[in-house]
Amino acid sequence: MAWIELRRRRYVVIDRVEGVKAKGPSYDTRADAEAFLELVALAGWPAALDFVNQEPVVDVLAEDDTTSRATRERAVAAGAVADPMGLPLTDPSLPPPPGREPSGVSVGELVRQYIQTCTARPRTLQQYAAYVRDHVDPYFGDLDAAYVIRQLKPKAEGTRAMAVADWRAWMLAKPVMAPTGTPTGSTLSGKTVKNIMALVSSAFDVAMNDDFDRLVAYNPVTGMAPRSTAADDVERVFLSPRQFQDLREHTIDHYLNLLLFMVLTGLRWGEAGGLRVRDV
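Each residue of the sequence shown is one higher than the one before, starting from 7 at the first, in this note's numbering.
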């Protein structure tokens, strides 16, 4: 049975899957965590994660360790643990890229500052924060945002520069993990990577403005998103009345009301799963 833990003033949804402790989404309020917990009870752990488009968090050094990239780098350097994520470990003593003045803000912090200015729905903002936590911070760590370049060229070798092209390749090859901590055999989709890069690109665009004191001189992410694939452009297919009738006849009673409710209202999985009595 799943339960909720409070960590660093955030509520984390926990479950045990085949005897292994798995961490799901974290929320600012207990009410939001309870909404996801209700979804787990209704649809099961893997399906609930799919509903909220949230990849399970797999800890690097220990089950309950919220390991930062800096901590992991120190552990890898000391030989305490191999780096399972294959991340480039930068040397803080290296010089900055030629012609780059430090902004004083890391890549992750730059994006978080941008998120604070967004007026999107709370769930969207939570997804943005998850992008930074899972795909920006682990790769760039505390790297100054001004040291990010498009591609690593010879003149940037031997510096602290990190390339967007390498980050993109890392994300496209990043395995999606099951709640048990084992790879599912699939990697991040091109659409997900495009969404992550679009968020970071927007943050760089805003950071070039006077309102952000022109923290960076240019946007290295522009035009670097992966190209669309056939899978990204698949046309959505809707059930015909006959197909829906067949589905209804083969749905167990426990889920029948949910099925009918979604068909009649047009709600998506995430919207239906997050719906509470007070919303009706």
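Where a beta carbon is used, it is the ideal one built from N, C-alpha and C, also for glycine. Since this is a predicted model, take the numbers as computed values, not measurements.
Where residue i sits in the DSSP three-state scheme
| i | result |
| --- | --- |
| A28 | strand |
| I345 | This structure cannot speak to residue 345, because the chain is shown only from 7 to 286. |
| D148 | coil |
| M168 | strand |
| D21 | strand |
| S208 | helix |
| A120 | It should be noted that the sequence gives Tyr, not Ala, for residue 120. The answer is helix: DSSP assigns Y120 an H, G or I state. |
| D71 | Note that D71 scores 36 on pLDDT, short of 50, meaning its location in the model is unreliable and no value can be drawn from it. |
| V154 | strand |
| L266 | helix |
| V283 | helix |
| Y224 | coil |
| N201 | helix |
| R139 | helix |
| L194 | coil |
| T271 | helix |
| L100 | coil |
Beta-ladder partner(s) of residue i, from DSSP
| i | result |
| --- | --- |
| M183 | P189 |
| Y33 | Y17 |
| Q246 | A quick correction: the sequence has Ser, not Gln, at residue 246. According to DSSP, S246 bridges with nothing at all. |
| S112 | D150 |
8 Å contact criterion, which residue i and residue j should meet: CB distance rounded
| i | j | result |
| --- | --- | --- |
| L158 | D172 | 7 Å |
| R166 | L100 | 5 Å |
| Y137 | L221 | Their Cβ separation, rounded to whole angstroms, is 20 Å, which puts Y137 and L221 out of contact at 8 Å. |
| A151 | V113 | 5 Å |
| I155 | P226 | 5 Å |
Check whether residue i and residue j have beta carbons under 8 Å apart
| i | j | result |
| --- | --- | --- |
| P144 | L178 | no |
| R254 | L265 | yes |
| A39 | Y17 | yes |
| S207 | T228 | yes |
| F250 | V269 | yes |
| L116 | A213 | yes |
| V170 | M230 | yes |
| P102 | Y33 | no |
| L45 | G279 | yes |
Would you call the segment 188-195 in contact with the segment 125-138, where contact means no fewer than 3 C-beta pairs closer than 8 Å? no
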